[in-house]
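Going by the working numbering, the residue at position 120 of the sequence shown is 472; the numbering climbs one at a time, nothing skipped. Below: one structure, written as structure tokens.
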Amino acid sequence: MGSPINTSQASQFALDTQAATRNLIEKANQAVWEAVRAIAASNDPLGPALFGVDAEMLQQFSNIPKLKMLPLFQTGVPIFELRHEMVSAVADLVAAGGYSQDKLFPIVMRAFGNALPLKQV
């Protein structure tokens, strides 16, 4: 059996874990911003709804230079959010087994509610 962990070791572990998490969130933030830029540049009509803002706001956010965005990326606070309905439904589906992209896609789309300008077919 190993030696007990002292307070200093526990504190360092917590800091290391937080740093690793912050680094992952930083990368995710940058990826989200790059996706915003790509969808804004393509003028995709779904873009604003996918990101929960209007077209003007999407364009404004995408026009901020990357160098100016770096401090935001590095905060360790996500610039994206999970949708409760999607997380719950996906977790239930995964727990039940037999999930696939075909089964997951409608769940993800329903999480947007009426925010997406889609025609019913």
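Beta carbons are placed, not taken as given, at the ideal position from N, Cα and C, and that holds for glycine.
query, result
"Is it right to say ALA392 is buried, meaning 16 or more other beta carbons lie within 10 angstroms of its own, or is it exposed?", "buried"
"Report the rounded CA-to-CA distance for SER360 versus ASN375, giving the unit in angstroms.", "22 angstroms"
"Between which residues of its own chain and PHE425 is the CB-CB distance below 6 angstroms, once the five residues before and five after are set aside?", "GLU378, ASN381 and GLN382"
"If you measure between the beta carbons of GLY428 and LEU410, is that distance less than 8 angstroms?", "no"
"If you run the structure through DSSP and keep just helix, strand and coil, what is GLY399?", "helix"
"Give the single residue among ALA447, GLY404, ASP396 and TRP385 whose Cα lies nearest to the Cα of ALA417.", "With the sequence shown as reference, residue 417 is identified as Pro, and Ala is not the correct amino acid for it. Answer by Cα proximity: TRP385."
"Please find out if some non-hydrogen atom of the ligand GDP comes closer than 7 angstroms to the beta-carbon of VAL446.", "No copy of the ligand GDP appears in this structure; indeed no ligand is present at all."
"I need the boundaries of the alpha helix (DSSP H) containing PHE413, first residue and last residue.", "407-414"
"Whose C-beta lies closer than 7 angstroms to the C-beta of ARG462 among residues of the same chain, with five residues either side of it excluded?", "GLU437"
"By Cβ distance, which residues of its chain are closer than 6 angstroms to TYR451, with the 5 residues on each side in sequence left out?", "LEU445"
"Using a Cβ-Cβ cut-off of 6 angstroms (strictly less than) and excluding sequence neighbours within five positions of ARG435, which residues of its own chain qualify?", "ALA463"
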